[in-house]
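Read through the structure below, which is laid out as structure tokens, and then see the notes.
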Amino acid sequence: MIISKSRTKAAASINVSGEFYAALDAAVRGMIANAEARAMNNNRRTLRPHDL
16 MIISKSRTKA
26 AASINVSGEF
36 YAALDAAVRG
46 MIANAEARAM
56 NNNRRTLRPH
66 DL
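The sequence shown begins at 16 in our numbering and counts up by one.
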């Protein structure tokens with residue numbers, strides 16, 4: 016798991032369900048994969064903020 020449950024819970028101002036963490040992790044992994052593809056398409060091997 017990429018995300019930290021304790022930090023996610025601390026950042027939220029309301030209760031967080033147990034299922035939320037897996038969904039958030041999947042979303043973050045998808046964002047990273049898309050950013051990697053964008054960087055590779057631009058002949059770079061470094062992720063930058065604008066890749067998101």
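Backbone N, C-alpha and C fix where the C-beta goes; we use that ideal spot for every residue, glycine too.
Close Cβ partners of residue 67 (< 7 Å) along its chain, the five nearest in sequence each way excluded: Numbered from its first residue, the sequence shown carries residue 67 at position 52. 46, 50.
Terminal residues of the alpha helix (DSSP H) in which residue 21 lies: Counted from its first residue, the sequence shown places residue 21 at position 6. Start and end: 20 to 26.
Sequence-distant residues of its chain with Cβ nearer than 6 Å to residue 20 (five each side left out): Position 5 of the sequence shown, counted from the first residue, corresponds to residue 20. Answer for residue 20: 36, listed in chain order.
Start and end residues, alpha helix (DSSP H) containing residue 60: As a first step, residue 60 is located in the sequence shown; it is residue number 45 there, counting from the start. Segment: none, residue 60 is in no alpha helix (DSSP H) and carries neither H nor E.
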